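For reference, the structure discussed in these notes is given below.
Protein chains: 2
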Amino acid sequence: MTRLSEDDMLERIRARFRTSGTPVGPGDDAAVLDPPGCRVASTDVLVEGIDFTGAIPARFVGWKSLAANLSDIAAMGARTRAFLLTLGLADGAEATLDDLVGGMADLADEEGIALAGGDLSSSPTTFISITTLGDLAADSPLERSGARPGDRIYVSRPLGGSAAGLALLRQGWVLRPDGSVVPPESIAERASFPLRELAGSAVRQHAMPTAETTLGPMLAERNLATACIDVSDGLSTDLARLCRASGCGAIIEFLRIPPFPDLPEHAVALGLDARSVVLHGGEEYALLFTSSKRESELSGMLGRPVYAIGRIVAGEGIVLETDDGSARLEPAGFDHFAR
Amino acid sequence: MTRLSEDDMLERIRARFRTSGTPVGPGDDAAVLDPPGCRVASTDVLVEGIDFTGAIPARFVGWKSLAANLSDIAAMGARTRAFLLTLGLADGAEATLDDLVGGMADLADEEGIALAGGDLSSSPTTFISITTLGDLAADSPLERSGARPGDRIYVSRPLGGSAAGLALLRQGWVLRPDGSVVPPESIAERASFPLRELAGSAVRQHAMPTAETTLGPMLAERNLATACIDVSDGLSTDLARLCRASGCGAIIEFLRIPPFPDLPEHAVALGLDARSVVLHGGEEYALLFTSSKRESELSGMLGRPVYAIGRIVAGEGIVLETDDGSARLEPAGFDHFAR
Chain A
122 MTRLSEDDML ERIRARFRTS GTPVGPGDDA AVLDPPGCRV ASTDVLVEGI DFTGAIPARF
182 VGWKSLAANL SDIAAMGART RAFLLTLGLA DGAEATLDDL VGGMADLADE EGIALAGGDL
242 SSSPTTFISI TTLGDLAADS PLERSGARPG DRIYVSRPLG GSAAGLALLR QGWVLRPDGS
302 VVPPESIAER ASFPLRELAG SAVRQHAMPT AETTLGPMLA ERNLATACID VSDGLSTDLA
362 RLCRASGCGA IIEFLRIPPF PDLPEHAVAL GLDARSVVLH GGEEYALLFT SSKRESELSG
422 MLGRPVYAIG RIVAGEGIVL ETDDGSARLE PAGFDHFAR
Chain B
122 MTRLSEDDML ERIRARFRTS GTPVGPGDDA AVLDPPGCRV ASTDVLVEGI DFTGAIPARF
182 VGWKSLAANL SDIAAMGART RAFLLTLGLA DGAEATLDDL VGGMADLADE EGIALAGGDL
242 SSSPTTFISI TTLGDLAADS PLERSGARPG DRIYVSRPLG GSAAGLALLR QGWVLRPDGS
302 VVPPESIAER ASFPLRELAG SAVRQHAMPT AETTLGPMLA ERNLATACID VSDGLSTDLA
362 RLCRASGCGA IIEFLRIPPF PDLPEHAVAL GLDARSVVLH GGEEYALLFT SSKRESELSG
422 MLGRPVYAIG RIVAGEGIVL ETDDGSARLE PAGFDHFAR
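Chains as they are written, first to last, in this note's numbering: chain A, 122 to 460; chain B, 122 to 460.
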């Protein structure tokens, strides 16, 4: 195979994305956006071996890396307009460049987002660094710091699927490029249909997550949330961040946290700790937000379910209420430097 | 040494930068900029072992990585307002984090640029990915594509220092954290004072470059340039890009290209090919631009020297005129994937 030059690779990447909304797009020293420009910016990096492995086909890695960034912008009550893509490519990674970029382009198309620019470098380790630029949906952003005692705490969808999917990949379940998921040979015979179904949805939830790109801006536009963050490092960690930023504490009820469908029933058979993946599992990209509205009222106004899991209280720290009583919940989500 | 957590490292990084101009700065899901936001965005990545090595102390790596990005924004006729910083840190890189961030903060302070956000990850390879956000100085940006036959071609300052400095580092010259440069032991005795002086300025030019953050916006505001690019991959490569984008060719005169001071006199003694570093040396961050104005007129209007090195012609490709006659100049600068 002839090695591609940097300019060739840039051409191939550019060809996959729309660039409207950027009068000067990729290919000049910098991108220029249509007036009035963007007020919201976020950046996120995925490193091979740390944030993804060969167990995840390249198109899913591409999709997911953009989804994580869209989630950050959505959590501010903003809409992503454009993004910049930086790739560090290890030897051999060029072979999967089209798949990686293709997965990203599928999501960018779906969300109507333009590629504004980027950079390429060869690198001993493959990594993907994305910066997203967006517009506020309202005059003010949704910040982490706006929660007040008495507010209800919401999650936008069931939790635990992504961490369960990751655990299954580590156990040897295989995600194929076509999205099908197959069990490891050792358990293939005793993997029941419902088990396979759950494993398949959990692995796809991990590999091809969606961001709450409609809900975030809607919460901001209608002024329905007092604070908001996305669940990227796990509920326990991200709720602790929201509480710390807001200068308050929280009480949540385990039984009110919606688990990923069928997870509690089959967790043991799959060797998973359902409680741990729900409370601490990262890369969910659900929104975690606070609101003075009740659950039924809020779901009605939004035209979709959201789940009240507890309330904000004065003080600090998080208390978790379960059938066995109350206990302090410590952040136990993902810290990139704590392994 | 206790390992720092991600949040601890983020705190230490944030503490070094100003965040004004960003009502929501680092620490939330995304940054929010003061109205009207930014219309210009650029991104650039440096990878350890590819773009920098242990031969360059961390504070210079930090400075340089931001300078490269400021140069891209300046080349668009824009001013950088804020930046996002993504770091992939290999084991041990935490020890130099303060120096790396300190060098970057020195330049950010000097240029009045706020840190808007960022991301941290552990990584097998250390890398620095920066996205800069800026404002146009005029209604229209300076693009690569505006050069027309008859325009004069300018460089904003002497060339070749950075590539000479890199070559000297590879020969064993040492750049110390305090900025002093010492010869390798093998030649220490015969390295004359002028030679050491030149080596010192060249190595510092390589490690601590400045971007044309005043000139770029000035050219745009006063409508003095028809096209502009920064010399990041070498004059031959970047001029070829400008010509290709503009659909024209160029004739340049070697004797009119200003070489880095004292380089021609001492190149041989230092084992350098002066002509090659001037024509093809990258990471200069000079501006390369075209204008219909004459050199004396333009330098007068700008209140600083700029150097006419040739002219834009119809057709394609670059012709280099020397004492020995004319020859085609092929791009021979840095391609990240052509080693």
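Where is the CB? At the ideal position from N, CA and C, for every residue including glycine. Computed from a predicted model, the values in this text were never measured in an experiment.
Residue closest to residue i, alpha-carbon to alpha-carbon, out of the options
{"i": "ARG291/B", "options": "VAL168/B, ILE177/B, THR443/B and ARG137/B", "result": "ILE177/B"}
{"i": "GLY239/B", "options": "THR247/A, SER322/A and THR253/A", "result": "THR253/A"}
{"i": "VAL182/B", "options": "PHE314/B, THR347/B, SER192/B and LEU221/B", "result": "LEU221/B"}
{"i": "SER436/B", "options": "ASP219/B, ALA371/B and MET329/B", "result": "For clarity, residue 436/B is Gly in the given sequence; the question names Ser instead. Checking every option, the nearest Cα to that of GLY436/B belongs to ALA371/B."}
{"i": "THR335/A", "options": "SER447/A, GLU232/A, LEU319/A and VAL145/A", "result": "GLU232/A"}
{"i": "THR207/A", "options": "LEU316/A, GLU404/A, ASP230/A and THR164/A", "result": "THR164/A"}
{"i": "ASP212/A", "options": "ALA237/A, ARG180/A, ALA188/A and PRO245/A", "result": "PRO245/A"}
{"i": "LEU409/A", "options": "ASP129/B, VAL145/B, ASP150/B and ALA189/B", "result": "ASP150/B"}
{"i": "MET225/A", "options": "LEU131/A, ASP359/A, SER367/A and ARG137/A", "result": "ARG137/A"}
{"i": "ARG133/B", "options": "ARG202/B, ASP172/B, LEU218/B and LEU263/B", "result": "LEU218/B"}
{"i": "LEU187/A", "options": "LEU167/A, SER243/A and THR174/A", "result": "LEU167/A"}
{"i": "GLU306/A", "options": "ALA285/A, GLY293/A, ALA229/A and PRO144/A", "result": "GLY293/A"}
{"i": "LEU241/A", "options": "ASP172/B, SER266/B and LEU241/B", "result": "ASP172/B"}
{"i": "ARG278/B", "options": "ALA429/B, VAL389/B, ASP230/B and GLY454/B", "result": "ALA429/B"}
{"i": "LEU210/B", "options": "ALA388/B, SER243/B and GLY271/B", "result": "SER243/B"}
Between the CA atoms of residue j and residue i - distance to the nearest angstrom
{"i": "ARG311/B", "j": "GLY255/B", "result": "48 Å"}
{"i": "ILE274/A", "j": "SER412/A", "result": "7 Å"}
{"i": "LEU154/A", "j": "LYS185/B", "result": "26 Å"}
{"i": "LEU345/B", "j": "LYS414/B", "result": "8 Å"}
{"i": "ALA288/A", "j": "GLY392/A", "result": "9 Å"}
{"i": "VAL295/A", "j": "VAL399/A", "result": "22 Å"}
{"i": "GLU318/A", "j": "GLN326/A", "result": "12 Å"}
{"i": "PRO262/A", "j": "ILE433/A", "result": "20 Å"}
{"i": "SER126/A", "j": "GLY175/B", "result": "27 Å"}
{"i": "MET130/A", "j": "SER250/A", "result": "16 Å"}
{"i": "GLY421/B", "j": "LEU340/B", "result": "13 Å"}
{"i": "THR247/B", "j": "ALA216/B", "result": "12 Å"}
{"i": "ALA332/B", "j": "SER397/A", "result": "50 Å"}
{"i": "ALA361/A", "j": "ALA328/B", "result": "41 Å"}
{"i": "ILE439/A", "j": "ASP299/B", "result": "48 Å"}
Proximity test, Cβ basis, 8 Å: residue i and chain B
{"i": "PRO264/A", "result": "The sequence given here places Glu at residue 264/A; Pro does not occur at that position. Yes, contact with chain B."}
{"i": "SER250/A", "result": "yes"}
{"i": "ILE139/A", "result": "Note on residue identity: the sequence assigns Arg, not Ile, to residue 139/A. ARG139/A does not count as touching chain B."}
{"i": "CYS369/A", "result": "no"}
{"i": "MET339/A", "result": "no"}
{"i": "LEU257/A", "result": "yes"}
{"i": "PRO245/A", "result": "yes"}
{"i": "ASP150/A", "result": "yes"}
{"i": "MET197/A", "result": "yes"}
{"i": "VAL182/A", "result": "no"}
Buried/exposed call for residue i, threshold 16 Cβ in 10 Å
{"i": "LEU376/A", "result": "exposed"}
{"i": "LEU441/B", "result": "buried"}
{"i": "PRO157/B", "result": "exposed"}
{"i": "PRO380/A", "result": "buried"}
{"i": "ARG297/B", "result": "exposed"}
{"i": "ALA395/A", "result": "buried"}
{"i": "PRO147/A", "result": "buried"}
{"i": "SER192/B", "result": "buried"}
{"i": "GLU418/B", "result": "exposed"}
{"i": "GLU451/B", "result": "exposed"}
{"i": "THR443/B", "result": "exposed"}
{"i": "ASP260/A", "result": "exposed"}
{"i": "SER367/B", "result": "buried"}
Beta carbon of residue i nearer than 8 Å to that of residue j
{"i": "VAL161/B", "j": "ALA152/A", "result": "yes"}
{"i": "PRO338/B", "j": "ALA199/B", "result": "yes"}
{"i": "ARG135/A", "j": "LEU236/A", "result": "yes"}
{"i": "GLY482/B", "j": "SER283/B", "result": "The question about residue 482/B has no answer, for chain B in this structure spans 122 to 460."}
{"i": "HIS401/B", "j": "GLY355/B", "result": "yes"}
{"i": "GLY267/B", "j": "THR347/B", "result": "yes"}
{"i": "ALA189/B", "j": "SER353/B", "result": "yes"}
{"i": "ILE373/A", "j": "ASP359/A", "result": "no"}
{"i": "SER264/B", "j": "VAL276/A", "result": "Looking at the sequence provided, one finds Glu at residue 264/B rather than Ser. No. Outside cutoff."}
Any chain A beta carbon closer than 8 Å to residue i
{"i": "MET422/B", "result": "no"}
{"i": "CYS159/B", "result": "yes"}
{"i": "ILE134/B", "result": "no"}
{"i": "LEU254/B", "result": "yes"}
{"i": "THR164/B", "result": "yes"}
{"i": "VAL440/B", "result": "no"}
{"i": "THR123/B", "result": "Annotation note: pLDDT 47 at THR123/B (below 50); position unreliable, coordinate value reported separately. Cβ-Cβ to chain A under 8 Å: no for THR123/B."}
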